[in-house]
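A short worksheet on the structure shown next.
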Amino acid sequence: MAKVLTPRAENYSQWYNDLVVKADLAETSAVRGCMVIKPYGYAIWETMHDVLDRMFKQTGHQNAYFPLFIPKSFFSREAHHVEGFAKECAVVTHYRLKNDPEGKGVIVDPEAKLEEELIVRPTSETIIWNTYRNWIHSYRDLPILVNQWANVVRWEMRTRLFLRTAEFLWQEGHTAHATAEEAMEEMNRMIGVYADFVENYMAVPVIKGYKTDKERFAGAVETMSIEAMMQDGKALQAGTSHFLGQNFAKAFDVKFANREGALEYVWATSWGVSTRLMGALIMAHSDDNGLVLPPRLAPIHVVMVPIYQQAAQIPGLVAALQALKVKLENRGLRVKLDDRDTVKPGFKFAEHELKGIPVRVALGPRDLAAGTVEIARRDTLEKQVVDMQAAEQVIVDLMEEIQRNIFVKAKAFRTAHTVNADTYDEFKAALDGGNFVMAHWDGTSETEELIKDETKATIRCIPCDAPEEQGRCIRTGRPSARRVLFARAY
RNA sequence: CGGGGUGUGGCGCAGUUGGUAGCGCGCUACGUUCGGGACGUAGAGGCCGGAGGUUCGAGUCUUCUCACCCCGACCA
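Per our numbering, the first sequence starts with residue 607, numbered consecutively.
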């Protein structure tokens, strides 16, 4: 059997393939760089989707859907966007197949060439803003607060399961506003929603901040991100929110009449998170026994395992577990009674741990006689035997406790791996030790690039809460007003 | 697209100087087991990624090709 590696290992992909795929989350498909998300993995995504969707609606957003195909010419409209997305896209050039005259299956019909190529969306700003032109005429039409759940395609040169697949699922919010202030508020609000979700549901602490010029989204005036630390000390960008200024409105000629009757260009934001969040979830919490899922996102909260020697013992055990199951379900928990008689209890234990199910309940003849039940928690692997009567409350309390504990653990890990560096040597040593490094930077893209070339570290963000502090750039010695977050990143 | 590496039963791998494929896990059947991935016995399962070449004979040598993995460039 393949060795199970931790995400701390150098070769994290090995860990992914051996552990995560065994945990039934995903596998790579026959299509280059794409992934098949298996049912259990998709159940996690569905839960994430549902929670986020509720949060978007609570902040006044509505869902809509725009086409998968975008005319190539749309990408020529916004100069910076062209820079960022003119490359690495899937392009549709023909619309028909025909039988191979040589009898070898089918070929692309050369007669069926499209007049204008279609791009499979890598992101939807262009087609959405082209549409918004028809939706917006007056300040009364604003704001437009729309979100889309969709798949997008980016023909990445190198793909990684969950973190960078050629096709991925995501949501993209695209909002239109009458003023720059309102759009900037929206950008801030949505990065806040993401931070809330990732910290309070995924139990992964994040650092919220602004991207530098170099790392900013193509076409954005300002980009905010949340950055999470994985167990190998590397950073993962978990979500972004952009203030697009009037760039796309100008590119697609979207104007509105303001209260004074004057025409103005519309202000825009866009924001998104993707199935990459599943990668973050996995890499932030898992251990050598498999996944560790936060209760708020676990497809199954509690799994029950009856333990017996003879078949005659089964009905009594199952009846007792069923009774507890109903109580737990009435408390809002998703419970699975694993009464398979084809595998042994030890096998089930290992399998459920691999899947990260937060709590396991085991009941055997000894428990039944004593009126007790064994309750095991996935995060610490601790077991306790409690009275059957007390089990319901103990398990309900454990959900909150596990949710809290894994967040605290992840946060403590990050704290222990975040250091200040004041010299370049300190900086490099800290990076090699798998740390987030807070350091001074002179504010130029040239220095940022230089540091990246020399150390592979990038500025993940300028944290929102970074205090003013006079200092000198670790690389050039030029003055700096605050520390920024450096890390090696996925 | 550059630089490395790997392709052999479902999975992980071995296969010597070329001689006609093996191991572990898994799978099937039966029995004993069942409180942390059980054990025994008996089975099933592979034209060795693909195409060509050398040879009496190729998993092995050779040419081409394809796929996947890792490191870069690119990126959520």
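Just so it is clear, CB atoms sit at the ideal spot from N, CA and C, and this is done for glycine as well.
Residues of its chain near residue i, where Cβ-Cβ distance is below 7 Å and the 5 sequence neighbours each way are ignored
i: aspartate 945; result: Pro912 and Val924
i: histidine 1046; result: Gly1077, Arg1078, Cys1079, Ile1080, Ser1086 and Arg1089
i: glycine 1040; result: Asp838, Gly839 and His1023
i: leucine 674; result: Val726 and Arg727
i: alanine 1097; result: Only positions 607 to 1096 of the chain appear in the structure, and residue 1097 is not among them; the question remains open.
i: glutamate 1075; result: Arg1088 and Arg1089
i: isoleucine 699; result: Residue identity check: residue 699 is threonine in the sequence provided, not isoleucine. Here the set comprises Lys719, Leu720 and Glu723.
Collapsed DSSP secondary structure at residue i in the structure displayed
i: leucine 611; result: For leucine 611, the predicted model reports a pLDDT of 49, less than 50, meaning its position is unreliable; a value from the coordinates is still stated below. Coil, per DSSP.
i: histidine 783; result: strand
i: histidine 655; result: helix
i: arginine 1078; result: strand
i: methionine 793; result: helix
i: glutamine 928; result: helix
i: valine 872; result: coil
i: phenylalanine 823; result: coil
i: glutamine 754; result: strand
i: proline 645; result: helix
i: asparagine 1011; result: helix
i: glutamine 837; result: coil
i: tryptophan 776; result: strand
i: glycine 935; result: The sequence as given places glutamate at residue 935; glycine does not occur at that position. Helix.
i: arginine 983; result: strand
i: threonine 1021; result: helix
i: asparagine 806; result: helix
Residues bridged to residue i (per DSSP)
i: methionine 910; result: Leu943 and Val967
i: glycine 815; result: Ser831 and Pro1069
i: threonine 978; result: Asp993
i: arginine 766; result: Arg770
i: valine 1112; result: The chain is shown from 607 up to 1096; residue 1112 falls before or after that span and cannot be answered.
i: phenylalanine 675; result: Val726
i: alanine 1027; result: Ala1045
i: lysine 861; result: Tyr871
i: proline 1085; result: Arg1078
i: leucine 748; result: Paired residue(s): none; leucine 748 is not in a bridge.
i: phenylalanine 849; result: Glu828 and Thr875
Candidates the options, of which the one nearest residue i by Cα
i: leucine 720; options: Arg702, Ser1086 and Ala968; result: Arg702
i: threonine 1029; options: Cys1079, Ile1057 and Leu987; result: Cys1079
i: lysine 678; options: Thr699, Glu988, Glu723 and Cys640; result: Glu723
i: histidine 655; options: Gly851, Ser880 and Asp747; result: Ser880
i: leucine 943; options: Val909, Arg972 and Ala956; result: Val909
i: arginine 638; options: Phe675, Lys931 and Arg760; result: Arg760
i: tyrosine 1096; options: Glu1074, Thr1064 and Asp819; result: Thr1064
i: valine 726; options: Val697, Ile1068, Ala784 and Val979; result: Val697
i: methionine 763; options: Cys640, Ala632, Asp993 and Ser892; result: Cys640
i: arginine 940; options: Asp947, Lys931 and Thr948; result: Lys931
i: valine 965; options: Thr948, Ser892, Leu842 and Arg984; result: Arg984
i: valine 991; options: Glu1006, Ile1008, Gly970 and Arg1010; result: Gly970
i: glutamate 778; options: Glu788, Leu767 and Met793; result: Met793
i: leucine 1091; options: Thr948, Ala772 and Ala834; result: Ala834
i: phenylalanine 662; options: Leu934, Arg902, Ser876 and Glu935; result: Ser876
i: alanine 1093; options: Thr1082, Pro1073 and Lys1062; result: Lys1062
i: leucine 974; options: Leu927, Asp747, Gln999 and Arg937; result: Leu927
i: asparagine 806; options: Gln995, Ala1035, Ile1068 and Val1014; result: Val1014
i: arginine 972; options: Gly825, Ala1072, Leu960 and Tyr914; result: Tyr914
i: alanine 756; options: Gly878, Ala997, Gly922 and Glu980; result: Gly878
i: isoleucine 733; options: His743, Phe672, Phe774 and Val799; result: Phe672
Unbroken alpha helix (DSSP H) run spanning residue i, endpoints
i: glycine 639; result: Counting along the chain, glycine 639 falls outside any alpha helix (DSSP H), and DSSP gives it neither H nor E.
i: serine 1051; result: 1051–1061
i: phenylalanine 549; result: Only positions 607 to 1096 of the chain appear in the structure, and residue 549 is not among them; the question remains open.
i: aspartate 959; result: A small correction: the amino acid at residue 959 is glutamate; aspartate does not occupy that position in the sequence shown. Here the alpha helix (DSSP H) through glutamate 959 covers 951–960.
i: threonine 737; result: 731–741
i: alanine 886; result: 882–891
Sequence-distant residues of its chain with Cβ nearer than 6 Å to residue i (five each side left out)
i: arginine 1084; result: Asp1048
i: leucine 769; result: Arg882, Gly885 and Tyr1096
i: isoleucine 906; result: Arg940, Lys942 and Ile963
i: leucine 887; result: Met808
i: threonine 1082; result: Asp1048 and Thr1053
i: valine 827; result: Phe849 and Gly851
Run of the beta strand (DSSP E) containing residue i, from where it starts to where it stops
i: glutamine 915; result: Counting along the chain, glutamine 915 falls outside any beta strand (DSSP E), and DSSP gives it neither H nor E.
i: isoleucine 713; result: 712–714
i: histidine 700; result: 697–700
i: leucine 703; result: 703–705
Contact set for residue i: own chain, Cβ-Cβ below 8 Å, skip 5 residues either direction
i: tryptophan 735; result: His780, Phe854, Ala855, Ala857, Phe858, Val860 and Ala874
i: methionine 607; result: Because methionine 607 carries a pLDDT of 24, less than 50, the predicted location of this residue cannot be relied on, and the following value inherits that uncertainty. Cβ neighbours of methionine 607 beyond the five flanking positions: none.
i: glutamate 694; result: Pro728, Arg760, Trp761, Glu762 and Met763
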